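Undergrad: Below is the structure I would like to discuss, written out as structure tokens.
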DNA sequence: AAAGTGATCTGCT
DNA sequence: GCAGATCACTTTA
């Protein structure tokens with residue numbers, strides 16, 4: 737089952753913090769691989785941890801564009817990560833695709849990730865997921881409406897602090913399917929201030 | 001715990 | 001323009 741392009745665009749046009757948990761359990765297909773999302777994080781313009789926080793730049797242009805497009809960025813000199821752009825056109829919000837279960841195209845995914853990578857690790861981690869999907873800088877700005885399908889959904893959703901960031905390290909905008917094996921381990925950034933104790 | 005890697009951003013000139 | 005810091009990560013210890 738799939739909804740119309742207009743309805744799906746409207747789905748992404750909402751607040752990324754609302755959209756993120758609803759993406760869990762959804763299927764995303766690209767380049768011969770389909771993943772079921774198990775872990776995502778929300779970012780938006782009023783968020784110090786977001787690339788969009790300091791305004792639009794050449795890199796973040798897609799993030800400030802219309803919703804439903806893919807924002808791909810390159811980091812740490814070797815990794816790509818992928819987001820689904822959210823919010824209305826002109827707002828800098830997106831949902832980072834952090835992990836998923838490869839449910840179709842395992843062979844294609846393993847070809848990109850490496851022959852001896854176990855199924856569990858094919859897309860468990862944002863850069864791993866992007867590599868499994870065959871995404872790189874050329875996919876920045878690609879229209880994802882039609883590539884995202886509602887799956888069986890998530891039986892439950894957990895929320896907690898986002899992984900690997902130094903700013904806004906206690907904002908609970910990471911969402912995952914509790915108990916799912918295809919969720920990456922939480923790692924606080926070594927330079928982030930100690931966790932708040934509430 | 002820290003290296004590896006390079007684009008990007010900031011804050012100077 | 002240019003230097004220095006930073007970085008939504010992965011891998012190997």
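Residue numbers (our numbering): 737 to 934.
Just so you know, even glycine gets a beta-carbon here, dropped at the ideal spot from N, CA and C.
Fair warning: this is a prediction, and the values are worked out from it, not measured in the lab.
Under 8 Å Cβ to Cβ from residue 873, same chain only, skipping five residues before and after it: list those, please.
TA: Excluding positions up to five away in sequence, the list reads 808, 810 and 816.
Undergrad: Please state the DSSP three-state secondary structure of residue 844.
TA: In the structure shown, residue 844 sits in a helix (DSSP, three-state: H, G or I).
Undergrad: Taking residue 910 and residue 777 to be in contact with their CB atoms under 8 Å, please state how far apart those CB atoms are, rounded to whole angstroms.
TA: With a Cβ gap of about 5 Å, residue 910 and residue 777 count as contacting.
Undergrad: With a threshold of 7 Å on Cβ separation, who are the neighbours of residue 929 within its own chain once the five nearest residues in sequence on each side are excluded?
TA: Only 905 meet the Cβ criterion.
Undergrad: Entirely within the stretch 769-804 and at least 3 residues each: give me those beta strand (DSSP E) ranges in chain order.
TA: Those beta strand (DSSP E) runs which fall completely within the stretch 769-804 and span 3+ residues are 769-779.
Undergrad: Measuring straight from C-alpha to C-alpha, what distance separates residue 925 and residue 862?
TA: The straight-line gap from Cα to Cα measures roughly 15 Å.
Undergrad: If you run the structure through DSSP and keep just helix, strand and coil, what is residue 898?
TA: If DSSP states are grouped into helix, strand and coil, residue 898 belongs with coil.
Undergrad: Going by CA-CA distance only, name the one from 915, 931 and 870 that's closest to residue 771.
TA: For residue 771, the nearest C-alpha among the options comes from 870.
Undergrad: Using the rule of at least 16 other Cβ atoms within 10 Å of the residue's Cβ for burial, across every protein chain shown, is residue 743 buried or exposed?
TA: It is exposed - the Cβ of residue 743 has fewer than 16 other Cβ atoms within 10 Å.
Undergrad: Where does residue 755 fall in DSSP's three states?
TA: The answer is helix: DSSP assigns residue 755 an H, G or I state.
Undergrad: Count the other CB atoms, across all protein chains shown, that sit within 10 Å of the CB of residue 824; report buried if there are 16 or more and exposed otherwise.
TA: Result: exposed.
Undergrad: Using a Cβ-Cβ cutoff of less than 7 Å, which residues in the same chain neighbour residue 798 once the five nearest sequence positions on both sides are dropped?
TA: For residue 798, where only same-chain residues beyond five positions count, the Cβ hits under 7 Å are 805, 807, 821, 876 and 877.
Undergrad: In the DSSP output, which residue or residues are listed as bridge partners for residue 837?
TA: Answer is 772, bridged to residue 837.
Undergrad: Give a yes or no on whether the C-beta atoms belonging to residue 838 and residue 845 are separated by under 7 Å.
TA: Closer than 7 Å, so yes.
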